[in-house]
Each structure stands twice: as structure tokens, then as C-alpha cells.
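Start counting at 1 in the sequence shown, then tack on 749, and there's your number in the numbering used here.
Note that CB positions come from ideal geometry on N, CA and C, so glycine has one too.
None of these values were measured; they are calculated from a predicted model.
Report on one structure; see the data block that follows.
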Amino acid sequence: MEVQPIIIQKTASELKQIFHTGRMDSIKRSMQSAKIDYRIEGRGGNAIYTFTEPQSVLKLLLISDYGFTPNRHLDKACELFKGYFLGCRSYAQMFYVDIADMLDVCADTVSRWIQNFYNSGLLAKGIYDDTIPTLYCTSFTVDGERCLQEITEEQYLQAKARFSAALTSGGTQADAIKALHSVTGGNVYARRAECINALKWNPLFDEIAAEIKDELEEIDNGFYI
């Protein structure tokens with residue numbers, strides 16, 4: 750079935766509410782900084798602003814519904830959103846520090862962006878998505894750089910068992926950590942993806958995903974633990 754183009758129209762009054770300012774010149778500067786494309790029909794208070802480009806529509810939604818700031822980093826926030834929610838959600842099982850490396854931002858920024866999703870209700874805190882398998886991985890350092898590698902559930906459980914056994918037999922914390930590392934050479938983790946709150950899921954996200962299907966496939970086939 751052919752994908753229908755996305756068309757979002759906003760009045761000047763609606764944009765003032767979204768950008769929390771009564772000055773259209775300031776709103777236009779913000780949209781220019783965030784590289785949000787639009788066209789204008791009409792003049793003054795009667796003007797209609799139309800958004801059709803998928804990335805621009807997504808940016809507008811991130812600003813209006815999820816507390817993002819309209820600046821030059823919004824493209825990277827969009828990449829996080831697409832990798833976390835629109836594709837196969839590989840980002841949802843990654844560590845913040847590794848997502849930050851991919852997006853070339855600091856981990857605190859990634860944490861703040863994801864907190865916006867929690868605060869808006871898009872993510873349900875403490876609830877995990879059982880439709881996505883648990884991802885088991887190990888973390889270790891090579892030449893001063895942190896590396897991640899997928900492992901089996903058996904390796905994960907074996908490492909945890911050795912850690913517990915070392916403590917139970919009277920070993921120190923250092924002994925237990927050494928026993929934990931003896932299986933894979935590093936720490937082990939079980940990563941699960943948080944659930945999305947369907948009540949907060951904007952139908953436009955599905956339309957955006959349909960329009961950028963090829964781009965999402967590239968994300969899904971990219972870096973993954």
C-alpha cells in the first residue's frame with residue numbers, strides 16, 4: 750500500500766503555545782536552528798504553517814510533546830527516538846554511554862533525553878517489554894576503551910553463580926568479582942527494553958516510520974551489542 754504523505758498544519762497561535770513565546774520572529778529562529786522545514790500560507794495572525802518533511806514533523810513532536818529544546822542537537826535526539834522506538838528498538842537494550850558514543854553526545858545528555866520520554870509518559874518506568882528477548886552481554890576494557898559483546902544466557906548465569914559461590918564460601922568482594930570475570934573476561938549484564946505506553950503513542954509516529962522505512966532498516970542493521 751502506498752504511503753500517504755504526512756501533512757501537519759499549525760496556526761501562529763498554536764506555534765506560540767508549542768514554543769512558549771509570543772514572538773514569531775523568535776519561533777522562526779528556533780525552527781531555523783533546529784533545521785525544521787515548513788512553508789507559510791497567509792500573513793500575520795492568519796498565517797498557516799505547514800510541515801510535511803518527516804524529520805521536521807518528528808522534531809516538532811519532540812518539542813511539543815516531549816520537552817525537547819529546539820536547537821542544533823535536535824537531529825541527534827531524533828536519531829535516538831528513531832533507534833529507540835521506531836525501528837527494532839536496539840537502542841532500548843543499549844547502555845547510555847554506548848548510545849552517547851554513537852550520537853557523539855555525552856551520556857548525561859542521553860539520560861536527560863530518555864528522562865523526557867519517562868516524564869511525558871511514553872515510557873513506563875519499571876515495566877519491561879516481554880515481547881523483546883532479554884539481551885545478555887559482557888563489558889570489558891581493551892587498550893583503555895570499553896567494549897561490549899553479546900553472550901549467551903548460560904554464560905550470564907554461570908558468571909553470576911561463580912560470583913555468589915565466591916561470597917558464600919567466605920571470599921572477599923574482590924575474589925567474587927574475579928570469579929565473575931573468569932567466564933567472559935568482564936562484567937555481565939542482562940538488558941531488557943522498557944515498555945511503551947500505548948496511550949501516549951502518537952499515530953503520527955507510525956506514519957513517520959512508514960516514510961523513513963529505508964532509514965530505519967539502516968539503523969537496525971547498524972551497531973548492536
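Straight-line gap, residue i to residue j (C-alpha atoms, nearest Å)
i, j, result
"Leu965", "Ala958", "7 Å"
"Val937", "Ala796", "56 Å"
"Val891", "Leu897", "10 Å"
"Leu953", "Leu871", "14 Å"
"Ile756", "Met851", "31 Å"
"Ser888", "Arg895", "7 Å"
"Asn820", "Ile926", "44 Å"
Beta-carbon proximity of residue i to residue j, cut-off 7 Å
i, j, result
"Ala761", "Arg838", "no"
"Tyr787", "Phe800", "yes"
"Ala849", "Thr883", "no"
"Thr933", "Gln904", "yes"
"Lys808", "Ile776", "no"
"Asp924", "Ala915", "yes"
With 16 other Cβ atoms within 10 Å as the buried cut-off, status of residue i
i, result
"Gly935", "buried"
"Lys831", "buried"
"Cys855", "exposed"
"Glu981", "Nothing about residue 981 can be reported from this structure: the residues present for the chain run from 750 to 974 only."
"Met750", "Because the pLDDT at Met750 is just 45, under 50, the model does not fix this residue reliably, and the value given afterwards should be weighed accordingly. So Met750 ends up on the exposed side."
"Trp950", "exposed"
"Gln947", "According to the sequence shown, residue 947 is Ala rather than Gln. Exposed, by the Cβ-count rule."
"Thr921", "exposed"
"Ile812", "buried"
"Gly875", "exposed"
"Thr917", "exposed"
"Gln842", "buried"
"Ser779", "buried"
Identity of the residue in the options nearest residue i by Cα
i, options, result
"Gln804", "Glu828, Ser918, Ala923, Phe817", "Glu828"
"Tyr877", "Ile945, Tyr798, Gly893", "Ile945"
"Gly791", "Lys765, Gln758, Thr818", "Gln758"
"His822", "Glu894, Val859, Ala915", "Val859"
"Leu906", "Gly794, Cys886, Arg861, Ala873", "Cys886"
"Phe912", "Ala928, Gln904, Glu899, Val806", "Ala928"
"Phe866", "Glu902, Ala826, Asp774, Glu899", "Ala826"
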